Every structure is written in C-alpha cells, then in structure tokens.
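Here's the structure we're looking at; comments come further down.
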Amino acid sequence: MPLSEYNVESIRSRIASGEESLRDTVNRSLDAAERLNEKLNAFLEIDRKGALARAEELSANQQAGESGLPLAGVPLAVKDNICVRGLQASCGSRILGPYHPPYSATVVERLQAAGAVVVGKTNLDEFAMGSSNENSAFGVVRNPWDTERVPGGSSGGSAAAVAAGIVPVALGSETGGSVRQPAALCGIVGLKPTYGRLSRYGLVAFASSLDHISIFGRNVRDVAEVLQVAAGRDPLDATSADVDVPDYKAALTTDIKGVRIGVPRALLSEGLDADVSERIEAAIEAYRELGAEVIDIELPHAKYCIAVYYVIATAEASSNLARFDGVRYGFRAEEAKNLREMYRRTRDEGFGAEVKRRIMLGTFVLSSGYYDAYYRKAQQVRTLLKIDFEHAFGVCDAILTPTTPTPAFLIGEKVDDPLSMYLNDIYTCTANLVGVPGISVPCGLSKDGLPVGLQLMSRHWDEAGLLNLAHAYESKHPLLERPRVSALSDSTS
Amino acid sequence: MPITESDIAKIAELAHLEITPEERRAFTPQIAEIVAYVEQLNELDTSLIEPATGGLTPEHERADASREDAVRPSLGQKLALDQAPDPASGHFRVPKVL
C-alpha cells in the first residue's frame, strides 16, 4: 500500500475485501514500529503480543459475522501519558519507574471497543513539557522528514509514528499546542477538540485547566472518525461536557461558501519565517478560491498568550506533580535518612531539568506575596483573551494562523534557551487558554522540504465546522510529498 | 523582580526538590528571564477584570458536573499497593518522619 493511501478508510475497505487480513494489517504496523524505532525512537513500548491477541479476537468476531465495528483492525499509537491497561505509562520520566496503570483511559476504551488496536506507547517530552521531544528521559524522537530535526512536542512520538506511516491515527495530549505543533512539523493533521469534548480520565495531569486529549491522523476524515468514537460525556471526568456529538463525517461536505475566516494580521509579521508566511498567504488565497470570505480581525491580547500560559501552566503543574513523591508508585531514591529527604531526593533524581524548572516557576508564582502579581494577573489576562475570541467569533466563523512560527528546527538548536523554545507555542496556546477547538493541516513544504502547518480555530463545540474547513483545503491541496523515513513506499516513486 | 540564587534555593525547598549548586546556578538566569518576560503583563491595566477560573465554556459553567453518589468497586488493597516502592503489611512504608 502506498503511504498516501494509508488511512482508516482504505484499511477498512482492504480488510472488508480480503485484500489484507485484519491480522496482517496489525502485524505490518507492529513490524514497522519495530523496524523504524532505531531511526525515529517514536515508541517507548511496542505491544506485539497484546496487539496480535486483540487482532485474533477481532478476526474471530468478524468471521462470526459480528463485524461492523467502525475502527476494526485500525492500528493506534497512544502517547505514554495516557493509560492503557497492561501497558506502561512512563510519561517520558524516570520518576514513574515505569508505572503500569491498572485501568485504561476512557478515550482508549472507547476506541478499543470500536475495534482500534493499540500497537504501542509513544515517546514524549517528560510529563508533556516541551516543544521538541528533547525533554524525554528516554531520548529524542526524530522527525521522519529529516532525522537531524525535532518532530515537535510534546506528542512527538505519536506525530512521527503517523507521519512515517507506522499507524494511521494516534492519540496525543495538548496543554499549549502539543499535538497541533508536532502535526505541523511532521506534515500531518492534528486536532485539539473543545475543552470538555474528550474525557481526560486516564490522562496523567499536567495543567488541568489546559490539558486535552487530542488526535493525530494522516487526513481530516480519519481524525473525524476517531473523534466520533472518542467524544462525549464521561461520568469519570467532571470536566467532560454533556454536549451533543454531531455526525462529524457527514459534516465533511467541502462546501465552505460564505464561511467567514478571520486572519489576525498583527500576529503574522514579527518572528514569522518567510517560507511559513508564504505558505500561509497561499492558503488564505486558496480559501478565497474555495468560496470563503477572508477578513482581517484583531486579537489584541493574543501577543500575551505565552506569558499567561507559562504562569498558569506552571502553577497547575507544580500542584499536579506534587503527587510524584516516591510513596505509592514509581521510583524512590534509596537510603534517605527521613521522609523529607526521601521526597526531595526522589524528585531531584526522578525529574529532568525542564520539569524542575516548571515546578519551581509554578511554585514561585503561587507563593505568598507573588500570587496576585503573577497568578491572579495571568488569570485576568486570560479573561481578556476570552473576550478577544468572543468578539472575533462575532464577526467570523473561524480564525486562521500558522500553526508554528518556523518549520522543524535542528535537534539541540534551542535546548539551552527555554524562553525561545516556549515561543514555539505562540500560535497554539491561546486555544488551550480559551478552550476553543483548533486544528493543524499541512499546507505545503518550505524551500528546505520541511512541512508547514496551517492552523484553524473555531467556536466552542464547532469541531464539525472546523473539520469541514480543514477538509475543504486538504481535498484541494493535499500534501503529496512524503517523508524520507517511511514504513510504506509510494507506487509513484 | 530580580531572581537570585537564594530565591531559587528557597523555591526548590518549597517544591520539595533537592537541586545541586550547578542546577541552582543554571536555573537562576533561566527562571529570571522567564519571569521578566511574564512581567510584560504589567503593561495591561486589569484592575476591573475578573480573573478566569479555567478553560470551561459557558455550557460547562451552567452544568451540574457531579455524578450520582453511588457505591462502586474500588481498586482494592492489593492492586493499590502493587506498584509501591516499599509496601509492608498492607501499607505504604516510608522512612521515619521525624
């Protein structure tokens, strides 16, 4: 099968027509995961035994006439901060040991019940803190388009696995852009749904008011299919919302005539790479040709989003990560003289530098005397950001920006400069702060042959409109080039 | 505000992190730079603005999120202790507290 055809729909039709058995489909994904891991380091655990057992079970059900599962035999990769019973959940950290959760995330259970087969757990920045995957305790993930470059982060392993054709779809998590940013850098689709659309039960918490489970796919339709199965209220997550889940596939009409797309022009100048700028302008033109109305909008406070984000995210992280103390699970430092020393040494030896930096920053902004100046201030500016988005969505149906200011950068390029690394999230983190859905779609390559991502955001709960907008563009301007490292060859090359 | 090495040492203590002197020296300018960047928020007059409470949508804020108060099975002692670094007699054992 050519890489360009490796998607949920073709997998389903191949299995249905008998062209490739369900077992072979899963087996080929496992083979690819094992073969390419030396080059990409995308997987931290590959579950050959469990995946093949599940494939046998699904095949037997199929032969017994119990077919009809929407994702039967679809290989799925899961970021290693999302729980899958029986597999590890390391969060890319030494402090977890690794931990083996006794339960699965609700989203994973729903996808498994729909027939998806988990082939493995993917590499990530430690506790999802990073934009390059260089913060994993288990080594950097490499970008399939250029293995000297980062895949983005923090869900870099899932992004690389989808980009290289190891799996058609994967789960990641987002706190400030950790799925849309690597999707952009790896030339695939990444969707962060509305806050509350997907249950977070079984996602290891980083910053609870910003965390989302999010979806990678090789095309918009596949992302819509995964969202369809995974979405909806879960009594085990009080922040999951009881909001109707529409038929997302039916929404993919490609008809976008009269849809109003707002472009925040002021954000598209400073610090934006020339190639990215060129690709985004071309995409704006493409939307005009598709019948959308493109208008200029203002998001006056969006330039403050990184400052707001790094106060709120680190404050919440310092609280959430207090639970990693060497008592109930995971790693414990040896021979501590007393409890306090055990806590401190366990956390020092167990956490990497970026996690410590963020815990300390969060502790600082919440500490007595600084709370009002930093944390309260950031939450007030978050209110201003929400108002900006309300105003914008009064005049437009979607907001268009680049996903990232530059294409994939070199491994090591930003590792000693945390602030410059943080600025990668400048276009993505607003959606996490205000809770609206956002999607990144490939919009061509830079002059160096690296993927560029186009970001669209829509109103709360309007994933259907957002997916259709992305689908309309993708149908007209598919990314035909393929990465250097790929599990599948193209018949055309 | 300027962040000094002794501030970093104090924050590390509050966060239960035993950082080395090298880490303290490396983190001080990095955290100082991030704090200075964050202080650009002071350009904005927010005296009349309510702080946000989270990412919740208006639909959420109106909803009753609590689930039925019903008894459900729990993990159980064995499974809960299964991955503890030092379980003993059905408990989590830790080094002496005082």
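In the order they appear, the protein sequences are chains A and B. So in numbering that gives the first Met the number 0, the last spot in the first sequence is 492, and the numbers never skip. So in numbering that gives the first Met the number 0, the last spot in the second sequence is 97, and the numbers never skip. Where is the CB? At the ideal position from N, CA and C, for every residue including glycine. This one's a predicted model, so the numbers in the text were calculated from it and none came from an experiment.
Status (buried if at least 16 other CB within 10 Å, exposed otherwise) for residue i
{"i": "residue 470 of chain A", "result": "buried"}
{"i": "residue 490 of chain A", "result": "Its pLDDT being 47, under 50, residue 490 of chain A is placed unreliably by the model, and nothing is read from it."}
{"i": "residue 393 of chain A", "result": "exposed"}
{"i": "residue 456 of chain A", "result": "buried"}
{"i": "residue 28 of chain A", "result": "buried"}
{"i": "residue 233 of chain A", "result": "buried"}
{"i": "residue 7 of chain B", "result": "buried"}
{"i": "residue 296 of chain A", "result": "buried"}
{"i": "residue 370 of chain A", "result": "exposed"}
{"i": "residue 212 of chain A", "result": "buried"}
{"i": "residue 410 of chain A", "result": "buried"}
{"i": "residue 337 of chain A", "result": "exposed"}
{"i": "residue 385 of chain A", "result": "buried"}
{"i": "residue 488 of chain A", "result": "exposed"}
{"i": "residue 70 of chain B", "result": "exposed"}
{"i": "residue 79 of chain A", "result": "buried"}
{"i": "residue 492 of chain A", "result": "Any reading at residue 492 of chain A must be qualified, since the residue scores a pLDDT of 39, below 50, and its modelled position is unreliable; the value itself is stated next. So residue 492 of chain A counts as exposed."}
{"i": "residue 404 of chain A", "result": "buried"}
{"i": "residue 217 of chain A", "result": "buried"}
{"i": "residue 127 of chain A", "result": "buried"}
{"i": "residue 96 of chain B", "result": "exposed"}
{"i": "residue 477 of chain A", "result": "exposed"}
{"i": "residue 208 of chain A", "result": "buried"}
Proximal residues of chain A, C-beta to C-beta of residue i below 9 Å
{"i": "residue 95 of chain B", "result": "336, 337, 338"}
Proximal chain A residues relative to residue i, where beta-carbon distance stays under 7 Å
{"i": "residue 14 of chain B", "result": "317, 358, 359, 362"}
{"i": "residue 62 of chain B", "result": "240, 241"}
{"i": "residue 8 of chain B", "result": "The premise fails here: residue 8 of chain B is roughly 10 Å from chain A at the closest Cβ pair, so nothing lies under 7 Å."}
Within chain B, partners of residue i - CB distance below 7 Å
{"i": "residue 346 of chain A", "result": "15, 16"}
{"i": "residue 341 of chain A", "result": "93, 94"}
{"i": "residue 208 of chain A", "result": "53, 54"}
{"i": "residue 418 of chain A", "result": "32, 33, 36"}
Residue i: contacting residues in chain B (beta-carbon distance under 9 Å)
{"i": "residue 101 of chain A", "result": "74, 78, 79, 81, 82"}
{"i": "residue 200 of chain A", "result": "Correct list: empty, because the minimum Cβ distance to chain B is about 12 Å."}
Residue closest to residue i, alpha-carbon to alpha-carbon, out of the options
{"i": "residue 448 of chain A", "options": "A:436, A:438, A:407", "result": "A:407"}
{"i": "residue 64 of chain A", "options": "A:466, A:15, A:141, A:200", "result": "A:15"}
{"i": "residue 244 of chain A", "options": "A:226, A:1, A:437, A:325", "result": "A:226"}
{"i": "residue 253 of chain A", "options": "A:192, A:453, A:291, A:343", "result": "A:291"}
{"i": "residue 493 of chain A", "options": "A:90, A:88, A:22, A:48", "result": "The requested residue 493 of chain A does not occur in the structure, where chain A is confined to residues 0 to 492."}
{"i": "residue 13 of chain B", "options": "A:53, A:366, A:422", "result": "A:366"}
{"i": "residue 160 of chain A", "options": "A:438, A:176, A:181", "result": "A:181"}
{"i": "residue 71 of chain A", "options": "A:205, A:82, A:224, A:33", "result": "A:224"}
{"i": "residue 48 of chain B", "options": "A:421, A:214, A:379", "result": "A:379"}
{"i": "residue 355 of chain A", "options": "B:19, B:1, B:5, B:79", "result": "B:19"}
{"i": "residue 5 of chain A", "options": "A:265, A:203, A:187", "result": "A:187"}
{"i": "residue 397 of chain A", "options": "A:3, A:82, A:51, A:458", "result": "A:458"}
{"i": "residue 317 of chain A", "options": "A:288, A:281, A:345, A:359", "result": "A:359"}
Interface partners of residue i on chain B, CB under 8 Å
{"i": "residue 98 of chain A", "result": "82"}
{"i": "residue 237 of chain A", "result": "64, 65, 66"}
Near the ligand SAM: residue i beta-carbon under 7 Å from a heavy atom
{"i": "residue 331 of chain A", "result": "The ligand SAM is not among the ligands present in this structure, which contains no ligands whatsoever."}
* Please confirm if the region 271 to 285 of chain A is in contact with the region 328 to 335 of chain A, defined as three or more CB-CB distances below 8 Å between the two stretches. => Segment contact: the region 271 to 285 of chain A against the region 328 to 335 of chain A, fewer than three CB-CB distances shorter than 8 Å; contact not assigned.
* Residues in the region 352 to 386 of chain A having any Cβ partner in chain B nearer than 7 Å -> Listed by position, the residues of the region 352 to 386 of chain A near chain B (Cβ gap below 7 Å) are 355, 356, 358, 359, 360, 362, 363, 366, 373, 375, 376, 377, 378, 379, 380, 381, 382, 383, 385.
* To do: Please list the residues of the region 311 to 337 of chain A that have a C-beta atom closer than 8 Å to any C-beta atom in chain B, keeping them in chain order.
  => Answer in chain order: 317, 321, 324, 325, 326, 327, 328, 329, 330, 331, 335, 336, 337.
* Asked: Going along the chain, which residues of the region 426 to 441 of chain A sit with their C-beta nearer than 8 Å to a C-beta in chain B?
  -> For the region 426 to 441 of chain A, which is checked against every Cβ of chain B, the residues closer than 8 Å are 431, 432, 433, 434.
* Compile a chain-ordered list of the residues in the region 448 to 463 of chain A whose CB is closer than 7 Å to at least one CB of chain B. => Listed by position along the chain: 459.
* Asked: Would the region 299 to 310 of chain A and the region 32 to 47 of chain B be scored as touching if the rule is three or more Cβ pairs under 8 Å?
  -> The region 299 to 310 of chain A and the region 32 to 47 of chain B touch, with no fewer than 3 CB-CB distances between them shorter than 8 Å.
* **Selection of the region 67 to 87 of chain B by Cβ proximity to chain A, strictly under 9 Å** => Within the region 67 to 87 of chain B, those residues whose Cβ lies closer than 9 Å to any Cβ of chain A are, in chain order, 67, 74, 78, 79, 80, 81, 82, 83, 84, 85.
* So, do the region 236 to 248 of chain A and the region 24 to 43 of chain A have three or more beta carbon pairs nearer to each other than 8 Å? -> Not touching, per the Cβ criterion.
* Does the region 409 to 424 of chain A come close enough to the region 156 to 172 of chain A that 3 or more CB-CB pairs lie under 8 Å? -> The answer is no - the region 409 to 424 of chain A does not touch the region 156 to 172 of chain A, with fewer than three Cβ pairs under 8 Å.
* Counting pairs of Cβ atoms below 8 Å between the region 85 to 96 of chain A and the region 337 to 352 of chain A, do you hit three or more? -> Contact between the region 85 to 96 of chain A and the region 337 to 352 of chain A is present: three or more C-beta pairs spanning the two stretches fall below 8 Å.
* Asked: Of the residues that make up the region 19 to 30 of chain B, which ones have a beta carbon closer than 9 Å to any beta carbon in chain A?
  -> Close to chain A, meaning a Cβ-Cβ distance shorter than 9 Å, are the following residues of the region 19 to 30 of chain B: 19, 22, 25, 26, 29, 30.
* Asked: What residues in the region 173 to 193 of chain A have a beta carbon less than 8 Å from any beta carbon of chain B?
  -> Those would be 193, in chain order.
* **Under 7 Å (Cβ pairs) to chain A, residues found in the region 28 to 50 of chain B** => From the region 28 to 50 of chain B, only 29, 30, 32, 33, 36, 37, 39, 40, 43, 45, 48, 49, 50 have a Cβ closer than 7 Å to chain A.
* Asked: Are at least three pairs of beta-carbons, each pair with one atom in the region 187 to 205 of chain A and one in the region 221 to 231 of chain A, less than 8 Å apart?
  -> Contact between the region 187 to 205 of chain A and the region 221 to 231 of chain A is present, with at least three C-beta pairs closer than 8 Å.
* With 8 Å as the C-beta to C-beta threshold (strictly closer), list the residues of the region 283 to 307 of chain A near chain B in chain order. => For the region 283 to 307 of chain A, which is checked against every Cβ of chain B, the residues closer than 8 Å are 300, 303, 305, 306, 307.
* Asked: Within the chosen definition, does the region 135 to 142 of chain A reach the region 243 to 263 of chain A through at least 3 CB pairs nearer than 8 Å?
  -> No: fewer than three Cβ pairs fall under 8 Å.
* Count the C-beta pairs between the region 110 to 130 of chain A and the region 34 to 45 of chain A that are closer than 8 Å, then say yes if the count reaches three, no if not. => A contact is defined here as three or more CB-CB pairs under 8 Å, and the region 110 to 130 of chain A meets this definition with respect to the region 34 to 45 of chain A.
* Taking a cut of 8 Å between CB atoms, which residues from the region 245 to 278 of chain A lie near chain B? -> Residues are counted here when their Cβ sits less than 8 Å from a Cβ of chain B; for the region 245 to 278 of chain A the count is zero.
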